[in-house]
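Asks: The working numbering applies: residue 1 is where the sequence shown begins, and numbers increase by one.
The beta carbon of each residue, even a glycine, is placed where N, CA and C say it ideally should be.
Just passing along the structure, written as structure tokens.
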Amino acid sequence: MSAIDLSIFDLFKIGPGPSSSHTIGPMRAAYDFIQAARALPAATLSSVSGVQVHLFGSLSATGKGHGTVRAVLAGLLGRSPESCSPEFLDELGSDPLVERPLDLGAVRLNINADTVVFDAIEHDYPCNNTMIIRLTGPDGAAAPVFEREYASPGGGFIQFKGQPIVPRGVPTYPYENMLGLKRQLKENGLHLHRLILENEMAVTGAGELEIMDGLDTILRVMDEAVNAGLAAEGVLPGPIGLHRKANHLFERSEIKRQTHENIIGQMCAFAFAAAEENAAGHIIVTAPTCGSAGIIPAIAKIMRTRLGLSEQSVREGLLAAAAVGFLAKHNATIAGAEGGCQAEIGVASAMAAAMLSHATGYDADVTENAAETALEQHLGMTCDPVGGYVQIPCIERNAMSVVKAYTAFIIATDVLPARYKVGLDQAIETMMATGKDMNCKYKETAQGGLAAIVANC
Ligand code: SF4
């Protein structure tokens with residue numbers, strides 16, 4: 001197996017919710033396609049009659065509830081997730097059938113919601129979340145003028161078929177699993193955050209200051225999502241009519257300031273706040289996905305406001321969280337469409353547990369144990385968003401799983417590390433095997449579980 005050469009900014013991406021695989025990935029794919037199409041020769045473009053986007057697998061099954069159409073249209077219209085305003089997305093979503101001009105230079109097309117086709121849920125493409133984008137020929141001729149097959153496997157990652165692999169730098173301290181990571185830490189006498197930082201510099205070529213600036217931006221946007229969610233009230237978009245709860249939960253936790261419920265209530269309120277912002281299609285950070293975007297921001301806010309940790313400790317904790325996310329992404333998956341919710345919420349909870357352990361000064365053994373316990377307690381968790389909307393059970397699940405992360409941290413820091421019988425590598429391997437065994441109904445298709453039982457709300 002190859003050494004992990006992921007970047008922190010592969011994992012933590014800024015963009016609109018509610019789903020990294022169904023919103024950020026498709027928007028990036030559509031944006032990428034249009035950039036490539038614009039580079040085609042004018043003679044080729046002059047024969048183009050239209051553009052079509054076909055969604056397969058879980059993109060087709062739950063794309064409607066996840067806002068995939070407006071995300072694709074925004075990407076085609078030249079908006080990237082980092083630059084697209086939620087207002088523009090809302091405008092696209094409120095008037096989906098209005099035709100909008102798409103200028104490719106030699107040809108001018110019109111696009112609207114009908115440009116996006118919900119195709120087969122069952123298919124033979126290698127990635128469950130597959131999109132095919134094509135420029136059609138004169139009079140809709142059978143052979144497309146230009147076509148790309150994109151995979152959107154989660155976390156906002158995309159790849160098109162035949163895409164050349166852009167070589168990255170070689171990590172200074174190569175590892176492929178937790179065992180190898182701990183070996184590197186021990187042999188080189190490094191703290192976990194330092195190793196991740198050194199590898200980030202080697203892999204991306206960025207300097208330390210630039211990386212730290214990037215981390216600060218990520219943490220700022222996470223905190224803004226929590227604050228925006230705490231300030232907002234009303235009903236989330238979509239037919240469920242789900243009321244936001246973060247504001248109320250936070251007020252109740254303040255009333256209970258002197259009780260044991262207070263810190264738990266605040267953690268839940270913070271997780272609800274960012275998860276509700278995600279459900280509203282507002283700007284969040286994938287951590288590691290949109291659906292799980294409330295957990296790490298909530299733990300970061302608790303670290304600052306209740307544990308009195310410095311901003312530097314929070315940054316270092318985020319680097320430890322990234323290490324766990326890398327291990328899960330490299331050796332298993334972080335996509336609900338591939339591994340069920342254990343791969344999204346479970347991995348986020350493990351990342352948050354590691355963040356807390358590392359930031360509070362515990363060593364790599366304790367950090368591993370905290371992450372392992374958190375992940376282990378999510379094994380088998382299915383993905384069954386009601387109506388295909390990232391609301392039920394997703395929002396409450398963020399709150400429950402930030403509490404699980406905190407509990408895992410308490411257990412790991414109070415129990416002798418040597419008494420742990422399961423390692424993080426084993427938990428990740430188990431998650432992958434369980435995800436493979438999981439029926440497709442439970443992998444972001446909204447065809448099983450709560451989505452099947454609570455069909456009419
Ligand atoms: S159930 Fe979990 S994996 Fe599925 S959409 Fe919700 S948060 Fe994501």
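1) From the DSSP output, which residues share a beta bridge with residue 130?
2) Determine whether the beta carbon atoms of residue 286 and residue 15 lie at a separation below 9 angstroms.
3) Would you report the Cα separation of residue 225 and residue 284, rounded to the nearest angstrom?
4) Under the criterion of a Cβ to heavy atom distance below 8 angstroms, does residue 390 qualify as lining the ligand SF4?
5) Taking C-beta to C-beta, are residue 423 and residue 178 nearer than 9 angstroms?
6) Kindly indicate which residue of 302, 29 and 93 has the alpha-carbon position closest to the one of residue 149.
7) From what residue to what residue does the beta strand (DSSP E) around residue 336 run?
8) Give a yes or no on contact between the segment 43-57 and the segment 192-208, applying the rule of three or more CB pairs nearer than 8 angstroms.
9) At a cut-off of 8 angstroms, is residue 440 close to the ligand SF4 when judged by its beta-carbon and the heavy atoms of the ligand?
10) Pull up the DSSP beta-bridge partners for residue 103, would you.
11) In angstroms with no decimal places, state the Cα-to-Cα distance between residue 61 and residue 311.
12) Jot down the residue ranges of each uninterrupted beta strand (DSSP E) in the segment 153-186, minimum 3 residues, whole runs only, in chain order.
13) May I ask which residues mark the beginning and end of the alpha helix (DSSP H) holding residue 69?
14) Thinking residue 279 and residue 390 are a contact (beta carbons under 8 angstroms), I'd like their distance in whole angstroms, please.
15) Indicate, with yes or no, if the ligand SF4 has a heavy atom lying under 8 angstroms from the CB of residue 396.
16) Who are the Cβ neighbours of residue 249 in its own chain at under 7 angstroms, not counting the five residues just before and after it?
17) Kindly list the residues whose CB is nearer than 7 angstroms to the CB of residue 121, restricted to its own chain and excluding five residues on each side of it in sequence; keep chain order.
18) Out of curiosity, what's the CA-to-CA distance linking residue 367 and residue 431?
19) Determine, using beta carbons only, whether residue 347 and residue 393 come nearer to each other than 9 angstroms.
20) In whole angstroms, what is the alpha-carbon distance linking residue 144 and residue 160?
21) Compute the minimum distance between the beta carbon of residue 289 and the heavy atoms of the ligand SF4, and state whether it is under 8 angstroms.
22) If the criterion is Cβ atoms closer than 9 angstroms, does the pair residue 156 and residue 385 meet it?
23) On the CB-based measure, 16 or more other CB atoms within 10 Å of its CB, does residue 134 come out buried or exposed?
24) Three Cβ pairs or more, each shorter than 8 angstroms: is that satisfied between the segment 316-332 and the segment 351-364?
25) Between residue 77 and residue 108, how many whole angstroms is the CB-CB distance? I'm expecting something under 8 angstroms.
26) Consult DSSP for residue 115 and reduce its assignment to one of helix, strand or coil.
27) For a quick check, are the C-beta atoms of residue 473 and residue 63 less than 9 angstroms apart?
28) What's the C-alpha gap between residue 237 and residue 282?
29) Which same chain residues, not among the five before or five after residue 38, have their C-beta less than 7 angstroms away from its C-beta?
30) Give, in chain order, every unbroken run of the alpha helix (DSSP H) that is at least 4 residues long and sits entirely within the segment 356-441.
31) Check whether the Cβ atoms of residue 26 and residue 72 sit closer than 9 angstroms, and answer yes or no.
32) Take residue 128 and list the residues in its own chain whose beta-carbon comes closer than 7 angstroms to its own, dropping the five residues that flank it on each side.
33) What does DSSP give as the partner residues of residue 458 in its beta bridges?
34) Would a C-beta distance cut-off of 9 angstroms place residue 254 and residue 292 closer than the cut-off?
35) Per DSSP, what are the beta-bridge partners of residue 288 in this structure?
36) Take the Cβ of residue 518 as the centre, count every other Cβ of all protein chains shown within 10 Å, and call the residue buried at 16 or more, exposed below.
Replies: Taking the coordinates as given:
1) Against the sequence shown, residue 130 aligns to sequence position 130. Bridge partners of residue 130: 151.
2) Along the sequence shown, one-based indexing puts residue 286 at 286. Along the sequence shown, one-based indexing puts residue 15 at 15. Yes, they are a contact pair.
3) On the sequence shown, residue 225 is found 225 positions in, with the first residue counted as 1. On the sequence shown, residue 284 is found 284 positions in, with the first residue counted as 1. For residue 225 and residue 284, the distance between alpha carbons rounds to 6 angstroms.
4) Walking along the sequence shown from the start, residue 390 turns up at place 390. Yes, Cβ of residue 390 sits closer than 8 angstroms to a heavy atom of the ligand SF4.
5) Residue numbering aside, residue 423 sits at position 423 when the sequence shown is read from its first letter. Residue numbering aside, residue 178 sits at position 178 when the sequence shown is read from its first letter. Cβ atoms of residue 423 and residue 178: closer than 9 angstroms.
6) By one-based count along the sequence shown, residue 149 stands at place 149. Considering only alpha carbons, the answer is 29.
7) Here residue 336 is taken as the residue at index 336 of the sequence shown, counted from 1. Note, residue 336: premise wrong, no beta strand (DSSP E); alpha helix (DSSP H) at 336-339.
8) No: fewer than three Cβ pairs fall under 8 angstroms.
9) As a first step, residue 440 must be located in the sequence shown, where it is residue number 440. No, the ligand SF4 has no heavy atom inside 8 angstroms of this Cβ.
10) On the sequence shown, residue 103 is found 103 positions in, with the first residue counted as 1. BP columns for residue 103 point to 108.
11) Locating residue 61 in the sequence shown gives position 61, where the first residue counts as 1. Locating residue 311 in the sequence shown gives position 311, where the first residue counts as 1. Looking at the two C-alpha atoms, the distance is approximately 41 angstroms.
12) 157-160
13) The count along the sequence shown starts at 1 and reaches residue 69 at position 69. Run containing residue 69: 68-76, per the alpha helix (DSSP H) assignment.
14) Indexing the sequence shown from 1 puts residue 279 at position 279. Indexing the sequence shown from 1 puts residue 390 at position 390. Right, their Cβ atoms sit about 5 angstroms apart.
15) Here residue 396 refers to the residue found at position 396 when the sequence shown is read from its first residue. No, the ligand SF4 has no heavy atom inside 8 angstroms of this Cβ.
16) The residue given as residue 249 occupies position 249 in the sequence shown. Cβ-Cβ distances below 7 angstroms link residue 249 to 265, 268, 269 and 272 in the same chain, with the five nearest sequence neighbours on each side left out; the list follows chain order.
17) Translated into positions along the sequence shown, residue 121 becomes position 121. Only 57, 60, 61 and 445 meet the Cβ criterion.
18) If you number the sequence shown from 1, residue 367 lands on position 367. If you number the sequence shown from 1, residue 431 lands on position 431. Just so you know, the alpha carbons of residue 367 and residue 431 end up roughly 19 angstroms apart.
19) Numbered from its first residue, the sequence shown carries residue 347 at position 347. Numbered from its first residue, the sequence shown carries residue 393 at position 393. The answer is no: Cβ separation not under 9 angstroms.
20) Counting from one through the sequence shown, the residue named residue 144 turns up at place 144. Counting from one through the sequence shown, the residue named residue 160 turns up at place 160. Approximately 16 angstroms, taken between the alpha carbons.
21) In the sequence shown, counting from the first residue as 1, residue 289 sits at position 289. Indeed, a heavy atom of the ligand SF4 lies less than 8 angstroms from the Cβ.
22) The count along the sequence shown starts at 1 and reaches residue 156 at position 156. The count along the sequence shown starts at 1 and reaches residue 385 at position 385. Not in contact: residue 156 and residue 385 (Cβ atoms no closer than 9 angstroms).
23) For the purposes of this step, residue 134 is identified with residue 134 of the sequence shown, where counting begins at 1. Buried, by the Cβ-count rule.
24) yes
25) Your numbering for residue 77 matches position 77 in the sequence shown. Your numbering for residue 108 matches position 108 in the sequence shown. Not confirmed; about 13 angstroms, so no contact.
26) Counting from one through the sequence shown, the residue named residue 115 turns up at place 115. Residue 115 falls in the helix class under three-state DSSP.
27) One cannot answer for residue 473 here, as it falls past the ends of the chain, which runs 1 to 457.
28) Position 237 of the sequence shown, counting from 1, holds the residue named residue 237. Position 282 of the sequence shown, counting from 1, holds the residue named residue 282. CA-CA distance, residue 237 to residue 282, rounds to 11 angstroms.
29) As a working mapping, residue 38 is identified with position 38 in the sequence shown. Cβ within range, chain order: 104 and 105.
30) Runs found: 364-376, 394-414 and 424-437.
31) Position 26 of the sequence shown holds residue 26. Position 72 of the sequence shown holds residue 72. Going by C-beta atoms, residue 26 is nearer than 9 angstroms to residue 72.
32) Position 128 of the sequence shown holds residue 128. 57, 58, 337, 338 and 443, listed in sequence order.
33) In the structure as shown, the chain begins at 1 and stops at 457. Residue 458 is therefore absent and cannot be evaluated.
34) Taking the sequence shown and counting its residues from 1, the one referred to as residue 254 is at position 254. Taking the sequence shown and counting its residues from 1, the one referred to as residue 292 is at position 292. Not closer than 9 angstroms, so no.
35) Sequence index remark: in the sequence shown, residue 288 carries index 288 (1-based). Its beta-bridge partners do not exist; DSSP assigns none.
36) Absent from the model: residue 518. The displayed extent of the chain is 1 to 457, so no value can be given.
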